[in-house]
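*Asks:* In the numbering used here, the protein residues as written are 5 to 198.
Supplied in structure tokens, the structure appears directly below.
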Amino acid sequence: MSQSALEASIASPETPGSKHFPPFVASPQLDEEANLRLAQFPDDQRRSAVLPILHFIQHHHGFISAEGIQWTADKVGIEPVKVLEVVTFYPGFRQSAPGKFHVRVCRTLSCAMGGSYELMNKLCELMKIDPDSLDPHHHPIAVSPCGTWSVEFAECLASCGTAPVALVNDDFHEGVGEDKAEALMKQYSSGNSH
Ligand code: FES
Numbered sequence: 005m006s007q008s009a010l011e012a013s014i015a016s017p018e019t020p021g022s023k024h025f026p027p028f029v030a031s032p033q034l035d036e037e038a039n040l041r042l043a044q045f046p047d048d049q050r051r052s053a054v055l056p057i058l059h060f061i062q063h064h065h066g067f068i069s070a071e072g073i074q075w076t077a078d079k080v081g082i083e084p085v086k087v088l089e090v091v092t093f094y095p096g097f098r099q100s101a102p103g104k105f106h107v108r109v110c111r112t113l114s115c116a117m118g119g120s121y122e123l124m125n126k127l128c129e130l131m132k133i134d135p136d137s138l139d140p141h142h143h144p145i146a147v148s149p150c151g152t153w154s155v156e157f158a159e160c161l162a163s164c165g166t167a168p169v170a171l172v173n174d175d176f177h178e179g180v181g182e183d184k185a186e187a188l189m190k191q192y193s194s195g196n197s198h
């Protein structure tokens, strides 16, 4: 991959959700975490530390920015394109900021038959998100104009018997028909999610 193609691939467009996440910084905590992870692998397998380092970055910054990819590559001692391959391979990693509350709706068979597409349409309507802006290959995440919400389809979340299911940030919700979309959002917008 040429340098400019690589730069384009790792660029992180601003989204309305960006205001909810601190920009990437190579903090002492990140360096400490990376050193800890790198120490767990032999020198010839340093690249195995990429995954936990990326998890740490996304947990603290909401997504994996170009700076995060470059920093990880420098730290591990591999090309940035190798880190980018990991980021784009795993659907759990994001390259742009989600909303403050990120909703992942399962769209695999049981959930699809149980109404997950109808749930997604209802969520988009309530969040003022254009459902056509969800493109699984290029724009898997759609963020509401206010930046509070974002949605994404996910593959089987391993609770097929309680379809349709959804994750809001790290919270699991079962049996979420479209009629429960508004109540689900209220749990979070009112600050009573736990
Ligand atoms: S199909 Fe949705 S959890 Fe398995």
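A virtual CB, placed ideally from N, CA and C, is assigned to each residue, including glycine.
Given the structure is predicted, the values throughout are model-derived calculations rather than measurements.
Rounded to whole angstroms, what is the Cα-Cα separation between Gly66 and Phe28?
*Replies:* For this step, residue 66 is matched to residue 62 along the sequence shown. For this step, residue 28 is matched to residue 24 along the sequence shown. Spanning the two alpha carbons is a distance of roughly 9 Å.
*Asks:* By DSSP, does Ala77 sit in helix, in strand, or in coil?
*Replies:* Along the sequence shown, one-based indexing puts residue 77 at 73. DSSP, read as helix, strand or coil, puts Ala77 in helix.
*Asks:* Would you give the residue range spanned by the beta strand (DSSP E) that Arg108 belongs to?
*Replies:* Here residue 108 is taken as the residue at index 104 of the sequence shown, counted from 1. Element bounds for Arg108: 105-110.
*Asks:* Taking the beta carbon of Ser148 as the centre, do at least 16 other beta carbons fall within 10 Å, making it buried, or is it exposed?
*Replies:* One-based indexing of the sequence shown puts residue 148 at position 144. By the neighbour-count criterion, in which a residue is buried when 16 or more other Cβ atoms sit within 10 angstroms of its Cβ, Ser148 is buried.
*Asks:* For Ser52 versus Ser16, is the C-beta spacing smaller than 8 Å?
*Replies:* Reading the sequence shown from its first residue, position 48 is the one you call residue 52. Reading the sequence shown from its first residue, position 12 is the one you call residue 16. For Ser52 and Ser16, no; Cβs fall outside 8 Å.
*Asks:* Considering only their Cβ atoms, is the gap separating Glu182 from Gly119 smaller than 8 Å?
*Replies:* Position 115 of the sequence shown, counted from the first residue, corresponds to residue 119. Position 178 of the sequence shown, counted from the first residue, corresponds to residue 182. Yes, the Cβ-Cβ distance between Gly119 and Glu182 is below 8 Å.
*Asks:* Mind checking whether the beta-carbon of Ala170 lies closer than 7 Å to any heavy atom of the ligand FES?
*Replies:* The residue given as residue 170 occupies position 166 in the sequence shown. The answer is no for Ala170.
*Asks:* Ends of the alpha helix (DSSP H) at Phe60?
*Replies:* In the sequence shown, counting from the first residue as 1, residue 60 sits at position 56. It spans 54-65 - the alpha helix (DSSP H) in which Phe60 sits, taken as one unbroken run.
*Asks:* Just to check, is the beta-carbon of Leu113 closer than 7 Å to a non-hydrogen atom of the ligand FES?
*Replies:* On the sequence shown, position 109 is the one that residue 113 refers to. Leu113: yes, Cβ under 7 Å from the ligand FES.
*Asks:* CB of Leu123 to nearest heavy atom of the ligand GDP: below 7 Å?
*Replies:* In the structure on display, the ligand GDP does not appear, and the ligands it does have are the ligand FES.
*Asks:* Of the choices Arg98, His106, Arg50, Cys164, whose alpha-carbon is the least far from that of Val80?
*Replies:* Here residue 80 corresponds to residue number 76 of the sequence shown, with the count starting at 1. Ranking Arg98, His106, Arg50, Cys164 by Cα distance to Val80 puts Arg50 first.
*Asks:* Alpha carbon to alpha carbon, how far is Arg111 from Phe157? Give it in angstroms, no decimals.
*Replies:* Mapped onto the sequence shown, residue 157 falls at position 153. Mapped onto the sequence shown, residue 111 falls at position 107. Computed Cα separation, rounded: 6 Å.
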